[in-house]
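Working notes, beginning with the structure itself.
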Amino acid sequence: MAHNAAGKFARDYSRPDWYWIECNDELVKQSPVWSRQSTVDDWLAARGWVKPFVLTGDWRRSTGDCRLETLDWRLVMIIKAAINGGRSKAEHAAVPVSPEEQATAVVACLKAGANAIHLHVRGTSESGQVSYGKESLFAEDVARTLSVVREVAPDASIGVSTGAWILPEPERFQAISVWKVQPDFASVNFSEDGAAELAKLFLSRGVGVEAGLIDFDSAQAFVKSGLAADCLRVLLEPQEQEMSEAMQTVRAMEDVLSAAGKLPPLLLHGTEATTWPMMSEAIARGYDIRVGLEDTLVLPDGSAVRDNVELIVEAVGRVRSSEP
Ligand SMILES: [Zn+2]
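Under numbering that gives the first Met the number 0, the first residue of the sequence shown is numbered 0, with each subsequent residue one higher.
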């Protein structure tokens with residue numbers, strides 16, 4: 000049975016199209032989301048679910064068990080579309096770069112079944128502080144990108160990268176501290192200097208924080224920060240390209256986190272060669288998943304992918320056909 004920090008979820012085989020999430024009191028206590036949120040709506044909002052969704056099941060609490068039944072698999076896990084990363088059009092023609100291209104990709108990915116978006120803001124003007132199309136953390140580019148995307152996807156849950164390769168500290172913190180338009184959530188890499196301070200800045204503004212962990216050390220830094228219970232999600236992002244080595248890193252991070260107490264839901268993803276095998280590991284563990292042109296340019300059979308949508312369709316198919 001699959002578990003994540005929110006509880007366990009599975010298909011109901013007496014009604015094959017149904018899914019359910021079940022939390023016993025122990026899991027409820029362990030989950031910061033559950034303990035802080037008093038209603039289903041709050042909980043769903045904290046998970047970043049995209050509206051509108053249909054809550055078709057019933058909600059009941061008795062004998063210490065909570066069960067949320069639903070026909071919508073999106074209620075049981077996050078499938079996040081990482082639409083561009085730092086990639087250029089030279090790498091793949093379908094990488095969305097301009098705000099308009101990103102907006103189009105976001106709408107298409109949501110339609111294909113993604114329920115959260117991760118994007119890398121790019122320079123939006125020739126006269127800006129970074130070259131047009133290059134990764135940017137400057138307020139004008141963030142505002143322009145989010146405005147254009149929200150215009151066509153007002154209910155989408157949009158997260159942005161804050162990678163220190165885009166802008167190192169202390170410039171990064173300064174640039175982000177003057178953002179006027181905020182994303183729904185931001186990824187903060189705990190392998191980078193200034194991560195805890197940046198996470199606190201986002202939290203103070205009501206922006207959800209995804210804690211990005213790549214190895215044992217970054218997992219330790221995250222636990223030490225004391226922010227685990229306040230984050231929206233933890234991203235397990237092993238960088239090794241050999242699956243056996245990447246899984247060693249995943250287990251090392253899980254060990255560190257297991258001693259951390261309250262945790263938000265975990266999302267596990269690979270990159271390039273590990274993208275698809277790591278997705279299988281994530282689904283088997285009941286973790287949230289992500290895919291997109293940031294992570295891979297090929298389908299599981301190694302053939303070139305057409306665009307982000309094709310990757311999301313493949314991921315959705317895998318989730319829907321997975322055994323609990
Ligand atoms: Zn990214």
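For each residue, glycine too, the CB sits at the ideal point set by N, CA and C.
Note that the coordinates shown come from a computational prediction; the quantities given were computed from them, not determined experimentally.
According to the DSSP assignment, residue 243 belongs to no beta strand (DSSP E) but to the alpha helix (DSSP H) extending over 242-257. A distance of 9 Å or more separates the beta carbons of residue 258 and residue 290. At least 9 Å separates the beta-carbon of residue 310 from that of residue 115. Going down the chain, each residue whose beta-carbon is closer than 6 Å to a heavy atom of ligand 1 shows up: 81, 84, 117, 119, 160, 293. Under a 10 Å Cβ-count criterion, residue 237 is classified as buried, with 16 or more other Cβ atoms of the shown protein chains found around its own Cβ.
Shown here, residue 113 sits in coil according to DSSP, grouped into three states, outside any helix or strand. For residue 138 against residue 178, the beta-carbon gap comes to about 5 Å, under 8 Å, which counts as contact. Here residue 78 is bridged, per DSSP, to 288. In the three-state reduction of the DSSP assignment, residue 317 falls in the helix class. Secondary structure of residue 165 (DSSP, three-state): coil.
The DSSP-derived three-state label of residue 184 is strand. A direct Cα-Cα distance of roughly 15 Å separates residue 143 from residue 103. In the displayed model, residue 200 falls within a helix according to three-state DSSP. In the DSSP secondary-structure assignment, residue 266 is bridged to 234, 287.
Taking C-beta atoms as the reference points, residue 184 and residue 150 fail to come closer than 9 Å. Counting other Cβ atoms within 10 Å of its Cβ, residue 101 reaches 16 or more and is therefore classed as buried.
Here residue 303 carries a strand assignment [DSSP, helix/strand/coil].
Put simply, the segment 275-295 touches the segment 247-267. At least three CB pairs are less than 8 Å apart. If you draw a straight line from the Cα of residue 191 to the Cα of residue 305, it comes to about 33 Å.
Between residue 85 and residue 158, the C-beta gap is not smaller than 9 Å, which leaves the two residues out of contact. Selection 274, 319, 288, 318 evaluated against residue 300 yields 274 as nearest (Cα-Cα). Scanning its chain for C-beta atoms nearer than 7 Å, with the 5 sequence neighbours on each side dropped, one finds around residue 113 the residues 78, 79, 80, 311, in chain order. Residue pairing from DSSP places residue 209 in a beta bridge opposite 186, 232. If you ignore the 5 residues before and after residue 318, its C-beta comes within less than 8 Å of the C-beta of 72, 76, 78, 282, 288, all in its own chain and listed in chain order. Across the set 297, 202, 122, 119, the C-alpha of 202 shows the shortest separation from the C-alpha of residue 225. Cβ neighbours of residue 228 within its own chain (closer than 8 Å, five residues either side excluded): 31, 260, 261, 262, 263. The beta carbon of residue 169 is closer than 7 Å to none in its chain, skipping five residues each way along the sequence. By the CB criterion at 9 Å, residue 240 and residue 206 fall outside the cutoff. Around the CB of residue 254, fewer than 16 other CB atoms lie within 10 Å, so the residue is classed as exposed. Relative to residue 245, the option among 230, 272, 256, 233 whose CA is nearest is 272.
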